[in-house]
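The structure appears right after this line, and notes come after that.
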Amino acid sequence: MKTTKLNDKTMIDIDELDEKYSIEGEVGFAELEEDLAFVTVSNIHADADICLYGAHVTNFRPQNSMEILWLSPESSFEVGKPIRGGIPVCFPWFGPLKTDPEKPQHGFGRLMYWDVAKTASLPGGETVVKLQLCSSAETKAYWPFDFCAEMTIVVGQTLTETLKVTNTSDETFEYTCALHSYFNLSAIDNITIEGLQGTTYYNQLTIENGVQEEELLQINEPTTRHYLNTETPVVIADSVFRRRIKVEKSGSKVTTVWNPGEEICAQIGDLPDDGYLAFVCVEATNAFNDVICLAPGESHETSTIIGLEEKDPYLG
Ligand code: TA6
Numbered sequence: 034m035k036t037t038k039l040n041d042k043t044m045i046d047i048d049e050l051d052e053k054y055s056i057e058g059e060v061g062f063a064e065l066e067e068d069l070a071f072v073t074v075s076n077i078h079a080d081a082d083i084c085l086y087g088a089h090v091t092n093f094r095p096q097n098s099m100e101i102l103w104l105s106p107e108s109s110f111e112v113g114k115p116i117r118g119g120i121p122v123c124f125p126w127f128g129p130l131k132t133d134p135e136k137p138q139h140g141f142g143r144l145m146y147w148d149v150a151k152t153a154s155l156p157g158g159e160t161v162v163k164l165q166l167c168s169s170a171e172t173k174a175y176w177p178f179d180f181c182a183e184m185t186i187v188v189g190q191t192l193t194e195t196l197k198v199t200n201t202s203d204e205t206f207e208y209t210c211a212l213h214s215y216f217n218l219s220a221i222d223n224i225t226i227e228g229l230q231g232t233t234y235y236n237q238l239t240i241e242n243g244v245q246e247e248e249l250l251q252i253n254e255p256t257t258r259h260y261l262n263t264e265t266p267v268v269i270a271d272s273v274f275r276r277r278i279k280v281e282k283s284g285s286k287v288t289t290v291w292n293p294g295e296e297i298c299a300q301i302g303d304l305p306d307d308g309y310l311a312f313v314c315v316e317a318t319n320a321f322n323d324v325i326c327l328a329p330g331e332s333h334e335t336s337t338i339i340g341l342e343e344k345d346p347y348l349g
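Numbering (this note's numbering), first residue to last: 34 to 349.
Here it is in structure tokens:
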């Protein structure tokens with residue numbers, strides 16, 4: 034029996050997961066990256082790895098294509114620390130918890146093992162992986178509410194990730210969240226981001242609002258912008274990788290764009306000093322003026338859909 038350490042009390046049985054949820058030639062379970070348990074998906078459309086710790090997609094590579102997501106070569110893969118890169122799930126709060134800044138930044142969703150609820154193969158060849166994190170004594174040490182969070186990941190030509198949160202308690206609660214995707218770039222200088230022109234953003238670094246006048250956003254300085262009241266798709270056009278990554282979303286009215294720039298990057302332990310050159314984060318966020326409030330029994334879904342734009346103008 035092969036097991037992976039979850040925390041002091043619990044172990045994950047990889048063989049048992051394999052028996053219950055693997056799909057021959059398509060879905061498997063493995064300990065990758067030190068001791069963490071992953072779901073590995075490979076189908077006619079794409080390959081993806083999903084770490085059960087954090088319900089964290091670390092790789093997504095459509096067939097005949099390069100990796101879409103960026104994973105830090107210096108990421109820790111250790112219970113208690115978040116994975117750097119891929120798609121961290123920030124839940125049930127985004128950024129620091131205002132009422133208690135001692136609690137972990139971006140919540141505990143990325144710091145806990147999620148259960149496997151289902152795997153399935155769709156008629157079109159896509160693969161569905163459903164993970165679940167419901168309230169427990171462990172989550173209540175951070176946050177007092179009863180909830181059930183379900184992460185549905187569909188690996189196809191696009192990667193669709195949906196976080197559905199249900200209030201299973203008898204009181205109303207609020208939460209914030211983000212699907213904090215890191216995208217793999219040839220270099221930050223080679224990209225433009227389309228889809229945000231005319232949108233008001235909260236600049237977290239200057240603590241003021243601005244409106245993006247330019248049609249194309251270029252990142253040439255540290256950037257933490259939360260674009261407000263926007264649900265439009267964003268395209269990251271990379272002139273050297275010659276590809277356009279399309280990031281669509283639903284259930285989120287804030288789009289966050291983050292790149293730390295050189296100085297801050299050098300201070301972040303799990304990023305290489307020049308790591309800021311290799312990625313940009315474009316995130317489906319619910320925070321700021323888009324806090325989610327759920328009455329007992331209510332649910333909310335936040336989705337991000339990531340893929341390559343079919344028509345690639347770089348390729349003619
Ligand atoms: O989404 C942007 C942001 O909140 C930034 O402020 C920056 O700190 C980033 O996320 C990374 O946060 P992390 O806790 O993963 O280092």
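Glycine residues also receive a C-beta, built at the ideal position from the N, C-alpha and C atoms.
Keep in mind that this is a model prediction, so the values were computed, not measured.
Phe-93 is positioned such that its CB atom lies closer than 7 Å to that of Ile-101.
Taking 4 residues as the shortest admissible run, the stretch 149 to 197 contains the following complete alpha helix (DSSP H) segments, listed from N- to C-terminal end: 170 to 173. In this structure, Cys-210 is the residue among Cys-210, Ser-168, Asp-179, Ile-301 with its C-alpha nearest to the C-alpha of His-139. With a threshold of 6 Å, the Cβ atom of Gln-138 counts as near the ligand TA6, since some heavy atom of the ligand is closer than that. Look at Arg-275 here: in three-state DSSP terms it is coil, with no helix or strand label.
Set against 6 Å, the gap from the CB of Gly-128 to the closest heavy atom of the ligand TA6 is smaller. Of the heavy atoms belonging to the ligand TA6, at least one sits nearer than 6 Å to the Cβ of Trp-291. Val-90 is the residue among Val-90, Thr-239, Tyr-309, Glu-264 whose C-alpha sits nearest the C-alpha of Phe-110. Collapsing the DSSP output to three states places Ala-63 in a strand. Here the distance from the Cβ of Thr-257 to the nearest heavy atom of the ligand TA6 is below 6 Å. Within the same chain, Phe-71 come within 6 Å of Leu-65 by CB-CB distance, once the 5 residues on both sides are set aside. Distance from Leu-250 to Thr-337 at the Cβ level is roughly 18 Å; contact not present, criterion being Cβ atoms closer than 8 Å. Per DSSP, Leu-85 is not a residue of any beta strand (DSSP E), being assigned neither H nor E. Of the candidates Asp-51, Ala-79, Ala-88, Ser-105, the residue whose Cα lies closest to the Cα of Asp-303 is Ser-105. Between Phe-274 and Ser-219, the CB-CB gap stays under 7 Å. Contact between Ile-252 and Ile-278 is ruled out by a C-beta separation of about 14 Å, above the 8 Å threshold.
Rounded to whole angstroms, the separation of the alpha carbons of Asn-242 and Asn-236 is 6 Å.
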